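Heads up: the structure comes next, in C-alpha cells.
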Amino acid sequence: MHPLSQDEDSPWTQYQRDHSLRHTIAQDVARTFPTESYFRQTHVQQQLSDILLVQAKANGTLQYRQGMHELLAVLLIAVDGDAGATEPAGELRGVLDRRFVEHDAFALFERVMQTCGPWYQ
C-alpha cells in the first residue's frame, strides 16, 4: 500500500485522523473551566490531552466527543488534590503517589466512561 494512499487503513489517513482528533481535543482542553487557574497550567492541559487521546484511540467504539474533557477534568483535579494533600504513610504512599496522577485519572476516566459512554454516542 502506498504510504500516502487515501485508503481507510493507510498510515497517511490514520495520521490525518489523529491530527484532527488532537486539534479537537486541544480546543476543548483550552476551554476547560476557564476560571480555574489549575487548568491553565501547561502540564495539566497536556495530561488532559494525553488521557483523552489515549482513551479515544484505545476504545474504538467510543470516539471523543465534546464534554468528555469536563468529566476528566473533575477526576484529574480530585486525584491531583488527593496526591498533594498530605504525606501519605505506609500502603497509601503507593496509592497517592504524585508520579501516578495521570495514570490514576486515566483509570478512573475509563471506568466512568463505561457508564457515561452511551451519552456520547
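Just so you know, we're using the numbering used here here: the sequence shown kicks off at 2 and counts up by one.
A virtual CB, placed ideally from N, CA and C, is assigned to each residue, including glycine.
This structure is a prediction, so every number in the text was calculated from the model and none was measured.
Just verifying my parser: in three-state terms, what is the DSSP assignment at residue i?
i            : result
proline 35   : coil
threonine 25 : helix
glutamate 71 : helix
threonine 62 : coil
aspartate 8  : coil
Determine the extent of the alpha helix (DSSP H) in which residue i is found, giving its start and end residues.
i             : result
leucine 133   : Given a span of 2 to 122 for the chain in the structure shown, any question on residue 133 remains unanswerable.
glutamine 115 : 102 to 117
If I'm right that residue i touches residue j with Cβ under 8 Å, what's the distance once you round it to whole angstroms?
i          : j            : result
leucine 77 : valine 113   : That pair is no contact at about 12 Å.
valine 80  : aspartate 98 : That pair is no contact at about 11 Å.
Can you tell me whether residue i is buried or exposed, with buried defined as 16 or more other CB within 10 angstroms of its CB?
i            : result
histidine 70 : buried
proline 48   : The amino acid at residue 48 is misidentified as proline; the sequence shows glutamine. Buried, since its Cβ has 16 or more Cβ neighbours within 10 Å.
threonine 33 : buried
tyrosine 65  : buried
aspartate 8  : exposed
alanine 57   : buried
Considering only their Cβ atoms, is the gap separating residue j from residue i smaller than 9 Å?
i                 : j             : result
phenylalanine 110 : leucine 73    : yes
isoleucine 52     : glutamate 103 : yes
valine 30         : tyrosine 39   : no
phenylalanine 101 : valine 55     : no
serine 50         : arginine 23   : yes
tyrosine 121      : glycine 85    : no
So that I know if they touch, is there some Cβ in chain D lying closer than 9 Å to that of residue i?
i          : result
glycine 82 : Absence of chain D from the displayed structure is noted, only one protein chain being present.
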